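Numbering (the working numbering), first residue to last: 4 to 251.
Following this line, the structure appears as structure tokens:
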């Protein structure tokens, strides 16, 4: 059973955050986020290591998980790798990789999940694309050997819903939360959209638009009873409770 990132997955960018990065992440976690990908790859390792420790402490209180962008897990056990490498992936507990097309998906080996981007035009990387749109996302979800996170320009509940209906196991968000006046409120709003769409997909799998990873997706649980682990960098499967749970 898939035990990787799901729900609303927050990607960090301190350069666009409204306020200190740790405060924005704390607000998002308060709003239901349970998976955070630490980027900030331009920082010296010592500073990035300290930041990872701070974010893990925030996530630990909510039984959440920190994933580190790049092959160095920064004393954790979860990494997210670029499409360019390294190959093979490092032997850590959870590995994701950025993908953009079928050729990159075909190169996956022991990765646990992939991101697919950009689904929509994005302010963070203007001109990056072309945008997949939900139809292109659905086609790549079907082709993917692993569960997929939708990424790129996702800012509204309607966009979240469209990504879930296309078969995404989770929705990765950067600017919508980083730039928000109230990160917690934005996380809650997007998370509610994910939960509602995922619940519909669980109860009526045919509505998902296909993809080998769509059927049986369970909404993530945001309570402290969640079985995700901040320290290890990966989570265990959620119990089969949810037709009403909530987002990550």
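All residues carry an ideal CB built from backbone N, CA and C; glycine is no exception.
Predicted model only: the values in this text are computed from it and were never measured.
- Separation of residue 89 and residue 123 (C-alpha to C-alpha, rounded to the nearest whole angstrom) is 27 Å.
- Nearest Cα to residue 147 within the set 186, 161, 100, 155: 100.
- For residue 173, the beta-bridge partners assigned by DSSP are 10, 152.
- For residue 111, the secondary structure class from DSSP, reduced to helix, strand or coil, is coil.
- Looking from the CA of residue 204, the closest CA among 164, 4, 186 belongs to 164.
- Proximity to residue 9 across 183, 186, 149, 189 peaks at 149, based on C-alpha coordinates.
- Two segments are said to touch when three or more pairs of C-beta atoms, one from each, lie closer than 8 Å; by this definition the segment 9-20 touches the segment 166-185.
- Between the C-alpha atoms of residue 161 and residue 190 there is a straight-line separation of about 14 Å.
- From the listed residues 57, 66, 52, 64, the smallest Cα separation to residue 73 is found for 52.
- DSSP places residue 202 in the helix class (H, G or I) of the three-state scheme.
- A check of alpha carbon separations from residue 200 across 172, 64, 156 identifies 172 as the nearest.
- Its chain contains 41, 69, 71, 77, 78, 79 as the residues whose beta carbon lies nearer than 8 Å to that of residue 55, once the 5 sequence neighbours on both sides are disregarded; these appear in chain order.
- About 28 Å separates the beta carbon of residue 32 from that of residue 86, a gap too long to meet the 8 Å contact definition.
- Nearest C-alpha to residue 94 among 29, 115, 67: 115.
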